[in-house]
DNA sequence: AAAATTATGTACTGATTGGTACATAAATAA
DNA sequence: TTATTTATGTACCAATCAGTACATAATTTT
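Residue numbers (the working numbering), protein chains in the order written: chain X, 4 to 216; chain P, 4 to 216.
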């Protein structure tokens with residue numbers, strides 16, 4: 004309910020209207036579908052025609068519900084960020100015993116996806132397309148990347164508590180570093196889709212955090 | 004002369020014509036100007052109107068000389084690659100004494116540019132925009148990134164010869180790894196333009212290659 | 001100077017862009 | 001059933017897209 008209200012626009016602002024035709028599509032599902040298109044094609048590369056086809060709705064419904072292509076893009080970016088598309092399993096495994104294992108899995112899945120689907124993190128793609136020029140995009144992306152850093156930081160913190168990582172190390176910087184590696188592998192991976200090479204690169208990136216593995 | 008011939012199109016195919024009006028613009032300079040626009044805006048984001056304005060030529064001249072926007076983009080990408088835009092100094096300093104210094108400088112300049120101009124490597128931007136879908140773009144980018152890897156590899160090789168890097172290490176993988184770091188720092192840098200953080204990340208990335216620094 | 005050839009600028013094209021206007025359909029409260 | 005409100009589909013819009021056609025300007029060989 005609260006979720007639905009977020010998407011009410013000018014024409015639709017009376018939240019507790021007494022008379023209204025019910026919406027025939029699921030807003031969340033429509034955003035998810037649009038996200039897939041933006042993810043593949045980027046903002047400029049995705050046309051309204053394509054987006055509407057993917058969402059399965061008409062122009063009338065769309066502009067009543069979302070207002071503009073740009074607004075839809077922001078929603079799609081938020082959806083990507085809030086569903087943690089590229090690192091779901093990290094949150095799903097908060098009790099994983101070994102940080103090394105978790106992060107190794109993160110990189111392995113990343114490499115797999117990069118090579119098989121040429122799908123890179125949508126936030127990274129947005130970063131390069133907008134170069135921080137669009138403040139709204141910038142904020143969403145910044146939050147999303149901080150989120151990834153924090154998830155990694157949590158893992159590293161637990162590892163430090165259990166002794167898997169030595170006490171003196173600056174985990175804040177290490178999580179930034181691993182995040183950078185995360186994006187670097189994607190760019191390199193699309194340009195040169197060689198699994199073996201990427202796995203070696205990932206292993207080196209991790210070896211600085213876990214010198215004993 | 005050979006350079007000019009590369010840009011002859013259908014209308015212009017008689018290479019040794021006896022009668023011809025001389026071209027009023029410098030092809031190379033025009034490509035360089037177009038490159039700046041593509042670099043900032045991407046392929047889809049750059050309109051012909053913008054490109055022509057930047058190049059300072061009219062439609063007639065343009066289509067006679069280049070054939071299409073896509074063709075111009077390929078030329079611009081090649082120009083970017085062949086002028087080594089983002090790592091000029093690495094080639095300028097082949098006799099640098101210490102590999103660590105050279106690479107440190109590479110990362111410092113990269114961070115500076117990323118933060119000040121939000122300008123990331125055009126090849127990386129092309130990678131994410133095209134996702135390896137355009138074979139011509141893919142080939143140019145692949146070559147360009149290999150070029151960067153090779154420049155780094157050369158530096159590492161010399162360092163291994165002088166003992167700055169120990170004998171047993173796999174330099175091939177290390178240069179791929181540093182290339183990934185190179186791109187990762189850019190993505191992270193545009194998303195979160197914090198110089199201190201990026202410098203620390205860069206230092207960590209290098210520390211695995213030069214554990215004694 | 002005349003013939004030959006290419007370069008350039010301009011007017012134009014059809015297709016596509018994101019977005020609007022609006023008539024109609026659907027839903028509910030009265 | 002009727003009044004009220006919102007959702008939906010369609011026809012339409014101006015602006016912009018990349019690209020063409022072509023007349024004219026410029027250059028060189030003859």
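Ideal placement from N, C-alpha and C gives every residue a C-beta, glycine not left out.
| Which chain X residues are close to residue 39(P), counting only those with a beta carbon under 9 Å from its beta carbon? | In chain order: nothing, as chain X lies at least about 13 Å away.
| request: Could you tell me whether any Cβ in chain P is nearer than 9 Å to the Cβ of residue 196(X)? | output: yes
| task | Would you be able to state if there are at least three C-beta pairs under 8 Å between the stretch 38-50 of chain P and the stretch 120-135 of chain P? | result | yes
| So residue 211(P) packs on residue 210(X), CB below 8 Å; how close in whole Å? | 7 Å
| said: Report the CB separation of residue 151(X) from residue 90(X) in whole angstroms; it is logged as a contact under 8 Å. | reply: About 6 Å separates the Cβ atoms of residue 151(X) and residue 90(X), confirming a contact at the 8 Å cut-off.
| Can you list, in chain order, the residues of its chain whose CB lies under 6 Å from that of residue 103(X), leaving out five sequence neighbours each side? | For residue 103(X), where only same-chain residues beyond five positions count, the Cβ hits under 6 Å are 213, 216.
| task | Quick one: which residues of the stretch 118-133 of chain P get their C-beta closer than 8 Å to a C-beta of chain X? List them in chain order. | result | 121, 122, 123, 126, 127, 128, 130, 131, 132
| Would residue 185(P) count as contacting chain X if we go by Cβ distances under 9 Å? | At least one beta carbon of chain X lies nearer than 9 Å to the beta carbon of residue 185(P).
| request: In angstroms with no decimal places, state the Cα-to-Cα distance between residue 191(X) and residue 176(P). | output: 13 Å
| alpha helix (DSSP H) containing residue 198(P): first to last residue? | 198-210
| Below 9 Å between beta carbons: does that hold for residue 93(P) and residue 188(P)? | No.
| task | Determine whether the Cβ of residue 43(P) lies closer than 9 Å to any Cβ atom of chain X. | result | yes
| query | Just to confirm, are residue 200(X) and residue 179(P) a CB contact at a threshold of 9 Å? | reply | yes
| task | Would you tell me roughly how many angstroms separate the C-alpha atoms of residue 193(P) and residue 72(X), rounded to the nearest one? | result | 23 Å
| query | Hey, does residue 208(X) have any beta-carbon neighbour from chain P nearer than 9 Å? | reply | Contacts with chain P at 9 Å (Cβ-Cβ) include residue 208(X).
| task | Return yes when the Cβ of residue 111(X) is within less than 9 Å of the Cβ of residue 205(X), no when it is not. | result | yes
| field | Residues of the stretch 143-172 of chain P with Cβ closer than 7 Å to any Cβ of chain X, in chain order | value | 144, 145, 148
| query | Residue range of the alpha helix (DSSP H) that residue 111(X) falls in? | reply | Per DSSP, residue 111(X) belongs to the alpha helix (DSSP H) from 102-120.
| So what's residue 44(P) in DSSP terms, helix, strand or just coil? | helix
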